[in-house]
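Student: This structure is in structure tokens; I'll ask about it shortly.
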């Protein structure tokens, strides 16, 4: 080893061999960004080869995966895992299969709470105290975040403080932290200068260190000289082992090997922005354009994954990105959010902060506006995005964002499963109705509580491709109808409940 080689450098095999049976392993990353793919691949390989380590508890804030085999899907083996505490499950379906079949204990907690809980674990506090989750399936008055009958432990409890009811998310020791960084300097300090997010690497490292655990980090380069101290994201004194990854195991996101726009200052000029119309089919465009009307100059906003991603495209078309600030729960502030497996990163962000700090800002009411997806909506205004019969999607940052934004828009089609439509001369024509009703009598699981929103006097809209609804004290009110749509046949007959109807205006199309 040369004098410029960090003392912690070792092979992936040697690093993963340090993980004992029954350890609690916490993994960094957000969706397809910042995940230590080499470390999780090696963990899977070791278990399949030797049966060890076994009976692990896996903890993660945002579900790192590609919906198929990468990311945390690598760890979805019976015997390897005993329990999983996760923020989002949708892109790690193999973990969801273990939970659904009762082969592991499983919980779904808000992404923001898990990020903040890492800091509380590091600080030796009893847990994270938050109002996030009250009235949802995470509330112990309902399911306590449990995903199956095997999950009996109470990880969340109600407490009364200063005249209010709060949720206490209990702390637990972190025995192993799996991190990813761009580079390590000779002291083992970790830098993230080519990563698209910062995530929760420092909080995780501190939580593991103060729990008497170990910190394993994956990097793609080694620096010859010590880094400027202001650029260090995780001090080398907290890092036990560093593994040098090959390029294939260190893509910037799970969709792109590297995109310099994600970690570079710049401007979203017409020349640099992609064709904004290329991915918006008619229903998505109608919803995005109507939701975009709710943006106000000076707003700080969050746009969720899926349908709400189209709002950023429409905002770019209309030149609104200079008037509003788009943010992502993963930490980017400003710029144009990316989609798909690059969701969570932004092109030309003005700043990138750590996830827990971003959620602090969100939870305290910093968001002027948020647009999120909606899979099921009921007459009380409750929304389900997390569980659907034989599939776990999980809530991710949805609960933090939906519960805290001053103005909130839910985006989703009125029906799903084969819906086709077109717009002709300003009229919406339904060519084929969807087979799945999304406005149901009662949602399968409460991810957003309409009752709590009414008590908070929150301004909430539900925008579909043919109608707009507003949450009112007496329930969901139909306030806009798209031209060309028959109210009785194409709205009311496609819903399991009758909304409040008073004065209905034309919906802009």
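Residue numbers (my numbering): 2 to 510.
The beta-carbon is built from N, C-alpha and C at its ideal position, and this holds for glycine as well.
Computed from a predicted structure; not experimentally measured.
1. Smallest Cα separation from residue 594: which of 509, 482 and 510?
2. If you draw a straight line from the alpha carbon of residue 405 to that of residue 150, how long is it in whole angstroms?
3. Does the ligand ZN have even one heavy atom less than 7 Å from the beta-carbon of residue 370?
4. Flag this pair as touching only if the region 219-236 and the region 313-329 have three or more C-beta atom pairs under 8 Å; answer yes or no.
5. Between residue 264 and residue 195, is the Cβ-Cβ spacing less than 8 Å?
6. Who are residue 61's beta bridge partners in DSSP?
7. Drop a sphere of 10 angstroms on the beta-carbon of residue 57, count the other beta-carbons inside from all chains shown, and report buried for 16 or more, exposed for fewer.
8. What's the call for residue 275, buried or exposed, on a 16-neighbour Cβ count within 10 Å?
9. Where in the region 326-403 do unbroken runs of the beta strand (DSSP E), each at least 3 residues long, occur, reported from the N-terminal end onward?
10. Using only CA atoms, which one of 207, 79 and 63 lies nearest to residue 398?
11. Do you know offhand how far residue 448's Cα is from residue 423's?
12. Kindly indicate which three-state DSSP category residue 211 falls into: helix, strand or coil?
13. Do you know offhand how far residue 277's Cα is from residue 319's?
14. Using 10 angstroms around the beta-carbon of residue 495, count the other beta-carbons present and answer buried if the total reaches 16, otherwise exposed.
15. Which class does residue 107 belong to by DSSP, given the choice of helix, strand or coil?
16. Comparing alpha-carbon positions, which option in 347, 459 and 365 lies nearest residue 198?
17. Three Cβ pairs or more, each shorter than 8 Å: is that satisfied between the region 425-440 and the region 100-120?
18. As an exercise, report each continuous beta strand (DSSP E) stretch of at least 3 residues that is fully enclosed by the region 168-211, in chain order.
19. Taking the CB atoms as reference points, tell me whether residue 73 and residue 65 lie closer together than 8 Å.
20. For residue 471, I'd like the list of residues in its chain whose CB is within less than 6 Å of its CB, leaving aside the five on either flank, ordered along the chain.
21. Going straight from the alpha carbon of residue 456 to that of residue 25, what length do you get?
22. Taking the C-alpha atoms as reference points, what is the distance between residue 140 and residue 80?
23. Mind listing, in chain order, the continuous alpha helix (DSSP H) runs of no fewer than 4 residues lying wholly within the region 397-439?
24. Tell me whether residue 388 is buried or exposed, calling it buried when 16 or more other Cβ atoms sit within 10 Å of its Cβ.
25. Of the choices 185, 131 and 76, whose alpha-carbon is the least far from that of residue 246?
26. Just checking my contact of residue 362 with residue 440 at CB under 8 Å: how many whole Å lie between their CB atoms?
27. Near residue 36, what residues of its chain come up, given a Cβ to Cβ distance below 6 Å and the 5 sequence neighbours on each side ignored?
28. Assuming residue 244 and residue 39 make a contact with CB atoms under 8 Å, what is their CB distance in whole Å?
29. Between the Cα of residue 328 and the Cα atoms of 340, 308, 309 and 304, which residue gives the shortest distance?
30. When the Cα of residue 32 is compared with those of 11, 89, 55 and 7, which residue comes out closest?
31. Between which residues of its own chain and residue 395 is the CB-CB distance below 7 Å, once the five residues before and five after are set aside?
32. What is the residue span of the alpha helix (DSSP H) that residue 116 lies within?
33. In chain order, what residues of the same chain have a beta carbon less than 6 Å from the beta carbon of residue 381, not counting five sequence neighbours either side?
34. Hey, how far is the Cα of residue 402 from the Cα of residue 5?
35. Buried or exposed: where does residue 162 fall if 16 or more other Cβ atoms within 10 Å of its Cβ makes it buried?
36. Please list, in chain order, all residues of the same chain as residue 290 whose beta carbon is under 6 Å from its beta carbon, the five residues on each side excluded.
Tutor: By the coordinates alone:
1. Here the chain covers residues 2 to 510 and nothing more, so residue 594 does not appear.
2. 30 Å
3. Among the ligands in the structure shown, none appear at all, so the ligand ZN cannot be discussed.
4. The region 219-236, when compared against the region 313-329, does not touch it at the 8 Å Cβ threshold.
5. yes
6. 28 and 87
7. buried
8. Because residue 275 carries a pLDDT of 49, less than 50, the predicted location of this residue cannot be relied on, and no value is offered for it.
9. 326-328 and 370-374
10. Nearest C-alpha to residue 398: 63.
11. Straight-line Cα distance between these residues: approximately 31 Å.
12. helix
13. Caution applies to residue 277, whose pLDDT of 45 falls short of 50 and renders its modelled position unreliable; the value that the coordinates give is listed next. The straight-line gap from Cα to Cα measures roughly 10 Å.
14. buried
15. Residue 107 sits in a strand when the DSSP states are folded into three classes.
16. 347
17. no
18. 177-181
19. The Cβ atoms of residue 73 and residue 65 lie closer than 8 Å to each other.
20. Excluding positions up to five away in sequence, the list reads 462, 478 and 480.
21. So the two alpha carbons sit approximately 38 Å from each other.
22. 29 Å
23. 399-405
24. buried
25. 185
26. Not confirmed; about 32 Å, so no contact.
27. 30, 65 and 72
28. 6 Å between Cβ atoms; contact.
29. Out of 340, 308, 309 and 304, 304 has the C-alpha closest to the C-alpha of residue 328.
30. 89
31. Result list for residue 395: 64, 87, 88, 89, 90, 91, 109 and 387, in chain order.
32. 112-123
33. Closer than 6 Å at Cβ, skipping near neighbours: 451.
34. 44 Å
35. Looking at its Cβ environment, which holds fewer than 16 other Cβ atoms inside 10 Å, residue 162 is exposed.
36. 315
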